[in-house]
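Peer 1: Using our numbering, the letters of the sequence shown correspond one by one to residues 3 to 218.
We put the CB at the ideal spot given by N, CA and C, even for glycine.
Please read all numbers here as calculations on a predicted model, not as lab measurements.
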Amino acid sequence: MELHDYLPSGWVLKTTHHGLMLMAPDCEQGKDFVTGAARYLNETAQNIRGVIEICAATGDRLASITPSELIKGKGEIDSDSSDDQTLRKMQLEDARLMERILTSQEPMAMVGLTDHIQVLINQPMATRLGTTCKAARGRNLRPLHNHGWLPELLKTLQQQEQVRVRYQAWLNAQDEVYGELTTLFEVGTFQGEPVRIATNLDLNIIQPPTVEVLKV
Numbered sequence: 003m004e005l006h007d008y009l010p011s012g013w014v015l016k017t018t019h020h021g022l023m024l025m026a027p028d029c030e031q032g033k034d035f036v037t038g039a040a041r042y043l044n045e046t047a048q049n050i051r052g053v054i055e056i057c058a059a060t061g062d063r064l065a066s067i068t069p070s071e072l073i074k075g076k077g078e079i080d081s082d083s084s085d086d087q088t089l090r091k092m093q094l095e096d097a098r099l100m101e102r103i104l105t106s107q108e109p110m111a112m113v114g115l116t117d118h119i120q121v122l123i124n125q126p127m128a129t130r131l132g133t134t135c136k137a138a139r140g141r142n143l144r145p146l147h148n149h150g151w152l153p154e155l156l157k158t159l160q161q162q163e164q165v166r167v168r169y170q171a172w173l174n175a176q177d178e179v180y181g182e183l184t185t186l187f188e189v190g191t192f193q194g195e196p197v198r199i200a201t202n203l204d205l206n207i208i209q210p211p212t213v214e215v216l217k218v
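1) If distances are taken between C-alpha atoms only, which option among Ala39, Ile67 and Val36 comes closest to His20?
2) Which of the three DSSP states, helix, strand or coil, is assigned to Pro109?
3) Find out if the Cβ-Cβ distance for the pair Met112, Phe192 is shorter than 8 angstroms.
4) Thr201 lies in the beta strand (DSSP E); which residues open and close that run?
5) Looking at C-alpha atoms only, which residue of Leu156, Ala128, Glu30 and Val165 is the closest neighbour of Leu115?
6) What's the C-alpha gap between Leu186 and Thr17?
7) In chain order, what residues of the same chain lie with their CB nearer than 7 angstroms to the CB of Val197, ignoring the 5 residues before and after it?
8) Taking 6 angstroms as the limit between beta carbons, can you name the residues of its chain near Arg144, skipping five residues before and five after?
9) Locate the alpha helix (DSSP H) running through Ala138, then write down its first and last residues.
10) Quick one, which of Gly32, Ala97, Ile103 and Arg41 has its alpha-carbon nearest Ala65's?
11) What span of residues does the alpha helix (DSSP H) with Ala128 cover, start to end?
12) Compare the C-alpha of Thr129 against each of Arg98, Pro109, Ala59 and Leu146 and name the closest.
13) Would DSSP call Pro210 helix, strand or coil?
14) One question on the structure: do Arg97 and Tyr169 come within less than 8 angstroms of each other, judged by their Cβ atoms?
15) Given Val165, which residues of its chain have a CB within under 6 angstroms of its CB, disregarding the five upstream and five downstream residues?
16) Go to Glu182, then tell me how far its alpha helix (DSSP H) extends in each direction, as first and last residue.
17) Let me check understanding here. Comparing Cα to Cα, which of Leu183, Thr37, Leu104 and Gly12 lies closest to Ala26?
18) Which residues bound the alpha helix (DSSP H) around Thr37?
19) Taking Glu95 as the reference, which of Gly38, Asp28, Asp204 and Thr46 has the closest Cα?
20) If you reduce the DSSP assignment to three classes, tell me which class Val115 lands in.
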């Protein structure tokens with residue numbers, strides 16, 4: 003597969019005197035793609051014996067990847083090793099998953115299955131939750147999901163890969179926004195760790211419970 007086969011929609015691939023230039027629609031998508039596809043980008047730089055520049059449409063330079071980053075002590079790369087092939091496959095799968103989420107018109111997010119840390123969120127989901135992609139990334143969702151449905155969800159996801167759940171949760175705790183949601187959850191893997199992928203199907207803002215709720 004060629005590099006352009008793994009670029010999310012909206013990206014531009016250009017050749018330069020030094021190698022390739024990838025232009026992302028915005029900084030957030032660019033940084034996410036560079037993180038998830040780092041290994042594959044490094045290998046591509048080595049294969050073309052050139053530099054891969056990653057920029058945003060705004061003109062911001064996000065990364066510069068050179069062949070030397072993969073050169074080992076003897077100046078050679080063991081590209082045929084099983085470990086290399088396994089890692090490359092994992093990175094390509096990560097890139098595909100990020101593309102699916104970031105380019106989806108549906109509100110989608112990715113959350114760590116065990117630590118409940120929000121790994122990735124697309125713009126439609128951020129808009130629906132009344133936050134930004136940057137603010138949402140890295141927050142712990144466990145304190146926001148406090149009505150007992152989360153343990154049941156995790157138990158169900160151990161038995162089936164996909165489940166539809168209706169539940170209540172804090173959406174934006176800082177602004178005390180509370181809602182009732184219908185979400186399709188599925189199990190996946192990102193950077194070698196289990197994640198749950200959420201696609202929000204419906205959201206209604208409602209009054210929060212009267213009992214005190216821990217918020218972050």
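Peer 2: Here's the rundown:
1) Ile67
2) coil
3) Cβ atoms of Met112 and Phe192: closer than 8 angstroms.
4) Residues Glu195 to Ile207.
5) It is Leu156 whose Cα lies nearest to the Cα of Leu115.
6) 40 angstroms
7) Met112, Val113, Gly114, Leu115, Val121, Gly190 and Thr191
8) His118
9) Cys135 to Ala138
10) Gly32
11) Start and end: Gln125 to Leu131.
12) Pro109
13) Coil at Pro210, not helix or strand.
14) Inspection of the sequence shows that residue 97 is occupied by Ala rather than by Arg. Not a contact, by the Cβ cut-off of 8 angstroms.
15) Thr158 and Phe187
16) Where Glu182 is concerned, there is no enclosing alpha helix (DSSP H), although the beta strand (DSSP E) it sits in stretches over Val179 to Phe192.
17) Gly12
18) Cys29 to Gly38
19) Gly38
20) In the sequence as displayed, the identity of residue 115 is Leu instead of Val. In the structure shown, Leu115 falls within a coil segment according to DSSP collapsed to helix, strand and coil.
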